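Novice: As numbered in UniProt numbering, residues 1 to 859 make up the sequence shown, in order.
Structure in structure tokens, see below.
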Amino acid sequence: MITSEEIKSRLWDGATELRGSMDASRYKDYMLGLMFYKFLSDKTLETFRNNAGLGRISESELVEAYTQNREELGEELDKMIQQALGYFVAPEYLYQKWIKDINTGDFEVQKVTDSLNNFEKTIAVTGDSDDFKGLFSSSTLDLTDTALGSNLNERNKSIKALINLFADLDMVALQRSDVLGDAYEYLIGQFAMESGKKAGEFYTPRQVSEIMAQIAAKNSNIQSIYDPTVGSGSLLLTVGKHLSKEVQKDLSYYGQEKNTATYNLTRMNLLLHGVRPEKMTVRNADTLSHDWPEDPSQANVGVQFDAVVMNPPYSLKDWNKAGLKVSDPRFEIAGTLPPDSKGNFAFLLHGLFHLGTNGTMAIVLPHGVLFRGGSEGDIRQRLLEKNQIDTIIGLPSGMFTNTGIPVIVMVLKKNRPVGEPVLIIDASRGFVKVGKQNVLQEKDIAKIVDTYSSRDEIEGYSHLATHEEIIANEWNMNIPRYVEADNDEIAQDVDAHLYGGIPKSNIDELFVLNKSVPEVIESSFEVLREGYLMLNKSMEQLTEEVIKAPQVLAKNDELRKIAESFVAKYWHILRQVNLDSDLTTLMSEMLSEIKEEVSSIEFVDAYSAYQIVAEIWKDSLTKDSELIAASDFYTIGRKREPNMVTKGSGKNKRREQDGWIGMLVPNELIAKHLFASEQEEIEALKNKAQEIDSELSELVEAAKVEDSEEYEALYESLKKNEDDEPQDAFEAKTIKAELKRAEKETSEFEWLKRVEKLLADKSSTNKSVKEKEKQLKEAVESKIENLTNEEIDMLVFEKWFAGTVDALVGLVEKPLRQELSTIALIENRYAQTFNEIDAQVSELEKAFETLASELVVIQ
């Protein structure tokens, strides 16, 4: 079984290798288009298999049976499959036929073009037919494009390589287990990162999608969702993912996309994620120029949706090419049109117009919409007066591939209670750097969504802005006006610099220490003068007293019990997962539970605990839970698979098998625990080799020192470069030649003999290391299939949860150590007064003057 992580890695590695110099934003259309055609072919064959009552036969036998039946039944078979799927792929145009032609040497790119063109003719003429029409238009998949190769032969090679990338994948089985949709979405994201600015046309970063989707999905009574700038469809799908299975069954997806290639990508993405054609309505058109969707029975009332999500182009210039007026029903609420130079509010008003009375809208916008004046200021004021802006979330800069500017997510609702304040969240500082991008961690997303739900005010993070406050700020919603960022800088104290001492006010501000271990802090400082203290012990001693204080140890014990109970509970559950298990829900339950459990302990950051568990899922559980669900824990624990490695480079670059690796149990852990003595023996040999290397290095350096014994005996045996300069190693053949020349029992002979022995010892030791490592590798690979249940338990537990309990318990000390570091900083800052520094400067100046007077100028 192939897991979602494996298929993602394999397909992206293949894409990277095959596309060469072609622009990623263009190559994605070829790769994802052909991947989708493989899905259509597999779906056709599966439908035929089910209708023909065929059992488990090979794919080649299935293709042969389909071909024979079509010859006999003709249009009758076509209509049967067409009725079930809305389309069919004829036998001669199957993806499998391309693969067969490749294997027999009969492949031509024209056959692919013919197949894609023919698909249009096989679509049933029904209300759903638009969902498949034009998917493979030449504007999307132009197989004559020279970017694929400068001539027909080169293009043939490129297309064949791409076709073979999906050849062995059962797309139907992968879709059934959600792996296919995940892989497709992953590839879209990877292509977006490679595409840079062009990615803005089709992709919203996953973390932003998650925030918007989780907020929209808080309204559980959702039957329809709409994205007017749908891109690849990822936002729609992410909202759906956060709804219950029951809700998903009847969920209707609506989207509109101006770019034709991206519009095709949207439809493919939705279909691959199992969205039924009758549940998706996607249109290729300009959202702003012509309102859609419309309700023919009510000309001035657009179709209303339970959720609207969108990531429109930022500050789109000349958006009003259609010459729209304020009388357009979408803009009537604002009383004015957005400026032609910036279309942000035009998109917002369009989405708001289509939002149902009890729905939620989330839109990504540049910060400027919060404070700019003119017509944008008028629109913002009107929306605030009508109480339709619910939440503003400030995000970090550098999150998007197509812009480095910071953006916001604005949440809007139509039925907010009168007087309800606007929640403002400043999440701009919670991120990590990944390459060139700033990325929100899982804990950051969770904190944003939790704060949105609870509407809590958190100092330096969130604030509920009242109507009166907003009026006082003249309708300016710039986040710093409402949320003052925490200032980590500790102000300089002039008196402390002049006369020494630690300002008592600084110590009083250490809230966690003063609340947790007040007696330790009180006994650790003495009054130097009014308002200033001095530390009466070393920082090491103070730190030890704090960490070992009874209150801290009691918290450690409390959190340890929570952590151990949590790990034990989910260790049991995770080993029992099966095909009926909802792994996404299981992950959510684990994350929610650890956050709730840890939040009961004062001063411990529950979101850091959340992140610890999220990392376990990212590193191991996502893949491992899929493997276990498809088999069972102990069976998969004894399975191994080829270890494929990349060798060579350029034209010689290839994938080869290098032994075996455990599918669930890592080889390294097997070696560590079950072959410890063998590893120790190898380590001892490596240490011996290092000691020999060190001794040889010393002799090399000694041999370079003229007039030394080593120089006389060994210099000629050093390796030399083209300029006859000595290098950092001995030449073994020269050593032998010199030994033959040297007289026995001389110093020269002894030095040469010593080097010869060291070189021989090094060679034999390295050889032993290689032999032992090979033996260990083979023993570990063999052991995988013979692991006992107890051994699998021990090894997998370590893989998943090694260090988890200690990491969670360590959260107790984290805020304490942060404040202890503040004490160390302050103590060091005021350790020397200005007078003491001046005295030192004077002493140095005197010393310099004395030295200068002793200098003698030589004429």
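We put the CB at the ideal spot given by N, CA and C, even for glycine.
Small disclaimer: the values here were computed from a predicted structure and weren't measured.
Which one or two residues does DSSP pair with Glu281 in a beta bridge?
Specialist: In the sequence shown, residue 281 corresponds to position 281, counting from 1. According to the sequence displayed, residue 281 carries Thr and not Glu. BP columns for Thr281 point to Tyr254.
Novice: Just to confirm, are Val309 and Ala261 a CB contact at a threshold of 9 angstroms?
Specialist: The residue labelled residue 309 in the question sits at position 309 within the sequence shown. The residue labelled residue 261 in the question sits at position 261 within the sequence shown. No, they are not a contact pair.
Novice: Which residues in the same chain have their Cβ closer than 6 angstroms to the Cβ of Gln840, if we skip the five residues on either side of it in sequence?
Specialist: Position 840 of the sequence shown, counted from the first residue, corresponds to residue 840. Non-local beta-carbon contacts of Gln840 in its own chain, meaning distances under 6 angstroms to residues more than five positions away in sequence, are absent.
Novice: Quick check on Lys321: does DSSP put it in helix, strand or coil?
Specialist: Locating residue 321 in the sequence shown gives position 321, where the first residue counts as 1. If DSSP states are grouped into helix, strand and coil, Lys321 belongs with coil.
Novice: What is the rounded straight-line gap between the Cα of Glu457 and the Cα of Ile424?
Specialist: Here residue 457 is taken as the residue at index 457 of the sequence shown, counted from 1. Here residue 424 is taken as the residue at index 424 of the sequence shown, counted from 1. Rounded to the nearest angstrom, the two C-alpha atoms are 9 angstroms apart.
Novice: Checking 9 angstroms against the spacing of the C-beta atoms, do Leu141 and Tyr87 come in under that value?
Specialist: To locate residue 141, count along the sequence shown from 1; it is residue 141. To locate residue 87, count along the sequence shown from 1; it is residue 87. Cβ distance not < 9 angstroms, so Leu141 and Tyr87 don't count as in contact.
Novice: Please report how far the alpha carbon of Ser129 lies from the alpha carbon of Ile123, in whole angstroms.
Specialist: Numbered from its first residue, the sequence shown carries residue 129 at position 129. Numbered from its first residue, the sequence shown carries residue 123 at position 123. Below a pLDDT of 50, predicted positions are generally treated as unreliable, and Ser129, at 49, falls in that range; the measurement from the model is reported next regardless. Distance between the alpha carbons of Ser129 and Ile123 is about 6 angstroms.
Novice: Are Ser625 and Leu586 closer than 9 angstroms when you measure CB to CB?
Specialist: For this step, residue 625 is matched to residue 625 along the sequence shown. For this step, residue 586 is matched to residue 586 along the sequence shown. Result yes, Cβ atoms of Ser625 and Leu586 sit closer than 9 angstroms.
Novice: Does Val755 come out as helix, strand or coil in the three-state DSSP assignment?
Specialist: In the sequence shown, residue 755 corresponds to position 755, counting from 1. In the three-state reduction of the DSSP assignment, Val755 falls in the helix class, which pools H, G and I.
Novice: Closest by CA to Glu459, which one among Glu385, Ala472, Ala554 and Ala427?
Specialist: Against the sequence shown, residue 459 aligns to sequence position 459. Among Glu385, Ala472, Ala554 and Ala427, the Cα nearest to that of Glu459 is on Ala427.
Novice: So which of Ile502, Leu851 and Ala760 has the shortest CA-CA distance to Gln832?
Specialist: Numbered from 1 along the sequence shown, position 832 holds the residue referred to as residue 832. Among Ile502, Leu851 and Ala760, the Cα nearest to that of Gln832 belongs to Ile502.
Novice: State the DSSP-derived secondary structure class of Val418, mapped to helix, strand or coil.
Specialist: Counted from its first residue, the sequence shown places residue 418 at position 418. The answer is coil: DSSP assigns Val418 none of H, G, I, E or B.
Novice: Taking C-alpha atoms, which residue in Ile225, Ser232 and Glu695 lies nearest to Leu251?
Specialist: To locate residue 251, count along the sequence shown from 1; it is residue 251. Cα-wise, what sits closest to Leu251 is Ile225.
Novice: Once the 5 residues before and after residue 865 are set aside, which same chain residues still bring their CB inside 8 angstroms of it?
Specialist: In this structure the chain extends from 1 to 859, so residue 865 is not present and cannot be described.
Novice: For Ser209, count neighbouring C-beta atoms within 10 Å of its own C-beta (all shown protein chains included) and say buried if the count is 16 or more, exposed if not.
Specialist: Along the sequence shown, read from residue 1 onward, the residue named residue 209 stands at position 209. Buried, by the Cβ-count rule.
Novice: Name the two residues that bound the continuous alpha helix (DSSP H) containing Ala216.
Specialist: Counting from 1 along the sequence shown, the entry for residue 216 is found at position 216. Segment Arg206 to Ala216, the alpha helix (DSSP H) holding Ala216.
Novice: Helix, strand or coil for Trp292? Go by DSSP, reduced to three states.
Specialist: For the purposes of this step, residue 292 is taken as the residue at position 292 of the sequence shown. Coil.
Novice: Determine the DSSP secondary structure at residue 920, reduced to helix, strand or coil.
Specialist: The chain is shown from 1 up to 859; residue 920 falls before or after that span and cannot be answered.
Novice: Hey, Ala183 and Lys8 are a contact pair by Cβ (cut 8 angstroms); roughly how many whole angstroms apart?
Specialist: The residue you call residue 183 lines up with position 183 of the sequence shown. The residue you call residue 8 lines up with position 8 of the sequence shown. Contact flag correct, Cβ pair sits at about 5 angstroms.
Novice: For Val112 and Ser137, I'd like the C-alpha separation in whole angstroms.
Specialist: Looking up residue 112 in the sequence shown gives position 112. Looking up residue 137 in the sequence shown gives position 137. For Val112 and Ser137, the distance between alpha carbons rounds to 13 angstroms.
Novice: In the DSSP assignment, the beta strand (DSSP E) including Val89 goes from what residue to what residue?
Specialist: The residue given as residue 89 occupies position 89 in the sequence shown. Where Val89 is concerned, there is no enclosing beta strand (DSSP E), given that its DSSP letter is neither H nor E.
Novice: Cα separation between Leu591 and Lys618?
Specialist: Within the sequence shown, the letter at position 591 stands for residue 591. Within the sequence shown, the letter at position 618 stands for residue 618. Going by the C-alpha atoms only, they are around 12 angstroms apart.
Novice: To the nearest angstrom, report how far apart Asn156 and Ile99 are at their CA atoms.
Specialist: In the sequence shown, counting from the first residue as 1, residue 156 sits at position 156. In the sequence shown, counting from the first residue as 1, residue 99 sits at position 99. Their Cα atoms are separated by approximately 13 angstroms.
Novice: Check the C-beta distance from Gly394 over to Gln437 and give it rounded, since I have them as a contact under 8 angstroms.
Specialist: In the sequence shown, residue 394 corresponds to position 394, counting from 1. In the sequence shown, residue 437 corresponds to position 437, counting from 1. Actually they are not in contact, since the Cβ atoms of Gly394 and Gln437 sit about 17 angstroms apart, beyond 8 angstroms.
Novice: What would DSSP say about Asp306, mapped onto helix, strand or coil?
Specialist: Translated into positions along the sequence shown, residue 306 becomes position 306. In the three-state reduction of the DSSP assignment, Asp306 falls in the strand class, which pools E and B.
Novice: Any idea what DSSP makes of Ile547, helix, strand or coil?
Specialist: Along the sequence shown, read from residue 1 onward, the residue named residue 547 stands at position 547. Ile547 falls in the helix class under three-state DSSP.
Novice: Between the stretch 516-524 and the stretch 535-546, do at least 3 Cβ pairs fall closer than 8 angstroms?
Specialist: yes
Novice: Is DSSP giving Phe675 helix, strand or coil here?
Specialist: Residue mapping note: residue 675 aligns to position 675 of the sequence shown, counting from 1. Three-state DSSP puts Phe675 in coil, outside helix and strand.
Novice: Can you confirm whether the stretch 651-663 touches the stretch 802-815 when touching is taken to mean that 3 or more C-beta pairs between the two stretches lie within less than 8 angstroms?
Specialist: no
Novice: Take Ile682 and list the residues in its own chain whose beta-carbon comes closer than 8 angstroms to its own, dropping the five residues that flank it on each side.
Specialist: Taking the sequence shown and counting its residues from 1, one reaches residue 682 at position 682. The beta carbon of Ile682 lies closer than 8 angstroms to those of Val769, Lys772, Glu773 and Leu776 in the same chain, with the five residues before and after it left out.
Novice: Just verifying my parser: in three-state terms, what is the DSSP assignment at Leu143?
Specialist: To locate residue 143, count along the sequence shown from 1; it is residue 143. Three-state DSSP puts Leu143 in coil, outside helix and strand.
Novice: Strictly by DSSP, which residues pair up with Ile393?
Specialist: Sequence index remark: in the sequence shown, residue 393 carries index 393 (1-based). Looking at the DSSP assignment, Ile393 forms a beta bridge with Val409 and Ile425.
Novice: Alpha carbon to alpha carbon, how far is Ala217 from Gly531?
Specialist: Here residue 217 refers to the residue found at position 217 when the sequence shown is read from its first residue. Here residue 531 refers to the residue found at position 531 when the sequence shown is read from its first residue. Each residue's Cα considered, the two are about 53 angstroms apart.
Novice: Which first and last residues belong to the beta strand (DSSP E) in which Leu337 is found?
Specialist: Mapped onto the sequence shown, residue 337 falls at position 337. It is not in any beta strand (DSSP E) - Leu337 carries neither H nor E in the DSSP assignment.
Novice: Okay, do the stretch 144-153 and the stretch 65-82 touch, 3+ Cβ pairs below 8 angstroms being the bar?
Specialist: no
Novice: So, does the stretch 750-758 touch the stretch 687-701, judging by three or more C-beta pairs under 8 angstroms?
Specialist: With the rule of 3 Cβ pairs closer than 8 angstroms, the stretch 750-758 counts as touching the stretch 687-701.
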